[in-house]
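Student:
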Amino acid sequence: MFQILKKQPLNPTVTLMEIDAPLIAKKAEPGQFIILRVNENGERIPLTIADYDREKGTITIIFQIVGATTEELNHLKEGDCLHDFVGPLGTPSHLEGLKKVAVVGGGVGCAIAYPVAKKLHELGATVHSIVGFRNKDLVILESQFKAVSDKMCMMSDDGSYGEKGLVTDALKKLIESGEQYDEVIAIGPLIMMKFVCALTKEHNIKTVVSMNPIMIDGTGMCGGCRLTVGGKTKFACVDGPDFDGHLVDFDEAMERASMYKPFERKKHEDTCNLFRGADR
Amino acid sequence: MANMSLKKNEMPVQDPKVRNHNFEEVALGYTEEQALDEAARCLNCKNKPCVGKCPVAIDIPAFIAKIREKDYEGAYEIITRQSSLPAICGRVCPQETQCESKCVRGIKGEPVAIGRLERFVADYHNAHAKAPAQKPVPNGHKVAIVGSGPSGLTCAGDLVKLGYDVTIFEALHLAGGVLVYGIPEFRLPKTIVQKEIDTLKALGVKVETNMVIGKVLSVDELLADGFEAVYLGSGAGLPRFMNLPGENLKGVYSANEFLTRVNLMKAYQDNSETPIQHAHHVAVVGGGNVAMDAARCAKRLGAEKVSIIYRRSLEEMPARKEEVEHAMEEGIEFHVLTNPTEILGDEHKFVKGITCVKMELGEPDESGRRRPVVIEGSEFTVDLDCVIMAIGTSPNPLLHNTTEGLEVNSHGCIVTDENGLTSRTAVYAGGDAVTGAATVILAMGAGKQAAKAMDEYIRSKN
Ligand SMILES: Cc1cc2nc3c(=O)[nH]c(=O)nc-3n(C[C@H](O)[C@H](O)[C@H](O)COP(=O)(O)OP(=O)(O)OC[C@H]3O[C@@H](n4cnc5c(N)ncnc54)[C@H](O)[C@@H]3O)c2cc1C
Ligand code: FES
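Chains as they are written, first to last, in this note's numbering: chain A, 271 to 550; chain B, 673 to 1134.
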């Protein structure tokens, strides 16, 4: 069984958990993900590996409460167990050889961007981190990012923390001030990644994005996670989740991500009602 | 006295109009009386042509003779000398192209219903067996099985009975392979598969789910960990698409995704947290068992209209005959000699229609079937809101990519000798991973063959 060793709320809707999974911790690399099920009838959901500790044998996951499954997950306590936890899935990020990188994280995507920034820092690269949140209450991992970045830009949509504006505004400023990046790595909402790619394409800077489409098995068996990349169909769970952002068809990916929105909304409400009943 | 009726005893089934709204088993199984009457149709031929067409050479006339004597456990014993999964094969084997195709009674009239009799015997045994499985005496050797489909389960079963310490590693959260994620409940109740797995566990087989070999552990790590031989029964689970315009629209599924959502994730039950589209008009592209299963699931989820689109004619359809008949009875429409060319979407990128062309049969191709060719100017469009692609699968490249020196052919199938030995010492393979998508009985047979070879290999080494 996969025990929750630590649970820590990072902000009102984002939680960090450390899971006891020694075999996975031994192999995990930045950019890879796990799939979990909370209970016996649960759905399989993919979450990117936010950190790992090979010695302690733990995997850290960070998730935003967006639907029924993440709601249930968030109701588990330290000491509880997850029903299923499988990984490490997907192809690790290619970080070797990069000298100077801008890491762009948006919202809970920062949880995925952080291990990338950390690994780059360990590899001796110059790291400029640009992180953006809707408002001050939603900020996560600030000190962690600071510790591994040579330069750090904090952005918020409403100006309640850091600088007011979007991550693309900050990235644009840096590029225009003459910063030369080998690569930009952007991880966050699809719309954010789309606009980062539009900007870097203008400046001809290679950009890697991390895609997180709907998945079931995570092993290449269902094709539900498929995307169009450079005109070809790719399975995000095995060919990715990292892709060349200038080749990804973001509009299609955004449409596909909305496939089950009504169902998810209904299930989430049902789950919330259930917990409300139980809490009384 | 032989029963000289030209017709098989009919299989009792759920009424088509009722069953196309539920997921309970369609075929209900023979009663004892029907089984005895059917068994009496077997002429007990000397040269046993049926046995020659059974991929694992079950002594068919002998087990049928036991039924006639009402010695059902005796019949079960004869079948299980060659088959580990009779309750499953009795339900899903394509008998009409195997044993029953050569039955002498089939020359004038219908062949003996061998498959139905096999199922009767297996169900009788499962309902009456009492002695709990005896754990074999351990022989001190460890083997690993990758994949828990029929091939892996069979290989595990044979090896554990020889005293091996057997561990099955399965990528998904549930063991059973296609038997649990692909073939629907109404054709193969999951309790039957679970029973086979429970029996193996009672014999001492360890089943480790959530273990993707090639990711969490490699084949080489298994060998280094003390497993003296490894069997790869990893199936052919990678879905193919046609690369049609519109194939990534919302409402286009691979059959694997659709069936996995419905069967493995139980999306047809209210308490499942896995969503599925409840479409009005569904087209399923393909003509195999997978296409039939997808179409019949879609109907059961409430679709008003479900159409099979197949580019050859009914005669060439690879699906079991019974499944095609059952699908027709349930109201599935068949559009044969038809091929899709484009899937059309609405402004929100949901499927709204499909464009197809009509085909005609030309010269035979390398498979011996007549090649379908497009009839010029025959294009037409149909409105619908869901398309399921069931045009085949190939083996997953993961094991090949992560196991140095493991040879595969141009289709990605693992290359083995006749005993299942791969290009790597101590690594064996079989089932769909070797043949490409095939049948349960062939996967089972390959598992048996390899178990024998693995045992010989380990004994010769020690
Ligand atoms: C919908 C459908 C209907 C069918 N109907 C029929 C029928 O009526 N009659 C018939 O005879 N045949 C039928 N078939 C075909 C039949 O099911 C297959 O031929 C058979 O299951 C193959 O068995 P297998 O053990 O080789 O592989 P599978 O049953 O595919 O099992 C392989 C298992 O290995 C696991 N695996 C794969 N890679 C790894 C890895 N790296 N690490 C760990 N585990 C791994 C998979 O998750 C899977 O559980 C049907 C197939 C489908 C999809
Ligand atoms: S999640 Fe099923 S193929 Fe990627």
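Positions of the beta carbon are idealized from the N, C-alpha and C atoms, including for glycine. Keep in mind that this is a model prediction, so the values were computed, not measured.
Using a 10 Å radius around the Cβ and a threshold of 16 neighbouring Cβ atoms, would you call Asp549(A) buried or exposed?
Tutor: With a pLDDT of 47 at Asp549(A), under the threshold of 50, the predicted position of this residue should be treated as unreliable, and no value is reported.
Student: Would a check of beta-carbon distances place Ala387(A) closer than 8 Å to chain B?
Tutor: Not one chain B Cβ lies under 8 Å of Ala387(A).
Student: Given 7 Å as the limit, tell me if Thr1111(B) has its C-beta closer than that to any heavy atom belonging to ligand 1.
Tutor: Yes; taking the cut-off as 7 Å, the Cβ of Thr1111(B) has a heavy atom of ligand 1 nearer than that.
Student: With 7 Å as the limit, tell me which residues of the stretch 468-495 of chain A have their beta carbon closer than that to any beta carbon of chain B; keep them in chain order.
Tutor: So the close ones are Ile486, Asp487, Thr489, Gly490, Met491, Cys492, Gly493, Gly494.
Student: Could you work out which residue in Ala1098(B), Gly1077(B), Gly1108(B), Gly1064(B) is closest to Cys1085(B) when comparing CA atoms only?
Tutor: Here the closest residue by C-alpha is Gly1108(B).
Student: Taking the alpha carbon of Asp709(B) as the reference point, which residue from Glu893(B), Met683(B), Asn798(B) has its own alpha carbon closest?
Tutor: With distances taken between Cα atoms, Asp709(B) lies closest to Met683(B).
Student: Does DSSP put Asp397(A) in a helix, a strand or coil?
Tutor: Correcting the residue identity first, residue 397(A) is Val in this sequence and not Asp. It is a strand residue.
Student: In whole angstroms, what separates the C-alpha of Thr826(B) from that of Val401(A)?
Tutor: About 53 Å.
Student: Three-state secondary structure (DSSP) at Tyr903(B)?
Tutor: DSSP places Tyr903(B) in strand when its eight states are reduced to three.
Student: Less than 8 Å separating the beta-carbons of Lys536(A) and Asp452(A)?
Tutor: Cβ distance not < 8 Å, so Lys536(A) and Asp452(A) don't count as in contact.
Student: I want to verify the contact list: residues of chain B whose CB lies under 7 Å from the CB of Ile294(A), in sequence order.
Tutor: Within chain B, the residues near Ile294(A) are Val888.
Student: Would Leu910(B) pass as an interface residue toward chain A - the criterion being a Cβ-Cβ separation below 8 Å?
Tutor: So yes, Leu910(B) belongs to the interface.
Student: Are the CB atoms of Glu842(B) and Thr881(B) within a distance shorter than 8 Å?
Tutor: Cβ atoms of Thr881(B) and Glu842(B): closer than 8 Å.
Student: Using 8 Å as the cut-off, can you tell me whether the stretch 818-832 of chain B makes contact with the stretch 748-765 of chain B, which would need three or more C-beta pairs spanning the two stretches below that distance?
Tutor: Short answer: they touch.
Student: Count the other CB atoms, across all protein chains shown, that sit within 10 Å of the CB of Gln659(B); report buried if there are 16 or more and exposed otherwise.
Tutor: This structure cannot speak to residue 659(B), because chain B is shown only from 673 to 1134.
Student: What residues match up with His1044(B) in a beta bridge as DSSP calls it?
Tutor: Correcting the residue identity first, residue 1044(B) is Pro in this sequence and not His. DSSP lists Leu1033(B) as partners of Pro1044(B).
Student: Can you list, in chain order, the residues of its chain whose CB lies under 6 Å from that of Val809(B), leaving out five sequence neighbours each side?
Tutor: Only Gly835 meet the Cβ criterion.
Student: Where in the stretch 1057-1098 of chain B do unbroken runs of the beta strand (DSSP E), each at least 3 residues long, occur, reported from the N-terminal end onward?
Tutor: Complete beta strand (DSSP E) runs here, min 3: 1058-1061.
Student: I think Ile455(A) touches Val386(A), with their Cβ atoms under 8 Å apart; what is that distance to the nearest whole Å?
Tutor: Correct: roughly 6 Å between the Cβ atoms.
Student: Find the nearest neighbour of Leu1070(B) within the set Gly886(B), Met1000(B), Lys720(B), Ala1123(B), judged by alpha-carbon distance.
Tutor: Nearest C-alpha to Leu1070(B): Gly886(B).
Student: Hey, how far is the Cα of Asn935(B) from the Cα of Ile855(B)?
Tutor: The alpha-carbon atoms of Asn935(B) and Ile855(B) are separated by roughly 8 Å.
Student: Please tell me whether Met287(A) has its Cβ less than 8 Å away from any Cβ of chain B.
Tutor: Chain B contact via Cβ: absent.
Student: With which residues is His1135(B) paired in a DSSP beta bridge?
Tutor: Any answer about residue 1135(B) is impossible in this case: the structure gives chain B only from 673 up to 1134.
Student: Is there at least one non-hydrogen atom of ligand 1 closer than 7 Å to the beta-carbon of Cys969(B)?
Tutor: The answer is no for Cys969(B).
Student: Let me confirm a value: Asn1081(B) is counted as buried when at least 16 other C-beta atoms fall within 10 Å, else exposed. Which label applies?
Tutor: So Asn1081(B) counts as exposed.
Student: Tell me whether Phe520(A) counts as near ligand 3, meaning its Cβ is closer than 7 Å to at least one heavy atom of that ligand.
Tutor: For the structure depicted, ligand 3 is absent and the ligand set comprises only ligand 1 and ligand 2.
Student: Which of the residues in the stretch 349-383 of chain A, read from start to end, lie with their CB under 8 Å from any CB of chain B?
Tutor: Result list: His353, Asp354, Phe355, Val356, Gly357, Pro358, Leu359.
Student: Counting only Cβ pairs nearer than 7 Å, list the residues of chain A close to Ser926(B).
Tutor: Those are Cys492, Gly493, listed as they occur along chain A.
Student: Quick one: residues with CB closer than 7 Å to any heavy atom of ligand 2, in chain order, please.
Tutor: This criterion selects Met485(A), Ile486(A), Asp487(A), Gly488(A), Thr489(A), Gly490(A), Met491(A), Cys492(A), Gly493(A), Gly494(A), Cys495(A), Phe505(A), Ala506(A), Cys507(A), Val508(A), Glu929(B).
Student: For the alpha helix (DSSP H) that contains His391(A), what are its first and last residues?
Tutor: Counting along the chain, the alpha helix (DSSP H) containing His391(A) begins and ends at 380-392.
Student: Are the C-beta of Gly543(A) and some C-beta of chain B separated by less than 8 Å?
Tutor: According to the sequence displayed, residue 543(A) carries Asn and not Gly. No, Asn543(A) lies away from the interface with chain B (no Cβ there is under 8 Å from its Cβ).
Student: To the nearest angstrom, report how far apart Val784(B) and Gln273(A) are at their CA atoms.
Tutor: Their backbone Cα atoms lie some 55 Å apart in a straight line.
Student: How about Ser419(A) and Lys406(A): are their beta carbons less than 8 Å apart?
Tutor: Taking 8 Å as the Cβ cut-off, Ser419(A) and Lys406(A) do not qualify as a contacting pair.
Student: Have a look at Asn1011(B), Ala970(B), Asn961(B), Ala999(B) and flag the residue whose alpha-carbon is nearest the alpha-carbon of Arg984(B).
Tutor: The option with the nearest alpha carbon to Arg984(B) is Asn1011(B).
Student: Gln686(B) to Asn311(A), Cα distance in whole Å?
Tutor: Gln686(B) and Asn311(A): Cα-Cα distance of roughly 28 Å.
Student: With a threshold of 6 Å on Cβ separation, who are the neighbours of His797(B) within its own chain once the five nearest residues in sequence on each side are excluded?
Tutor: For His797(B), where only same-chain residues beyond five positions count, the Cβ hits under 6 Å are Tyr748.
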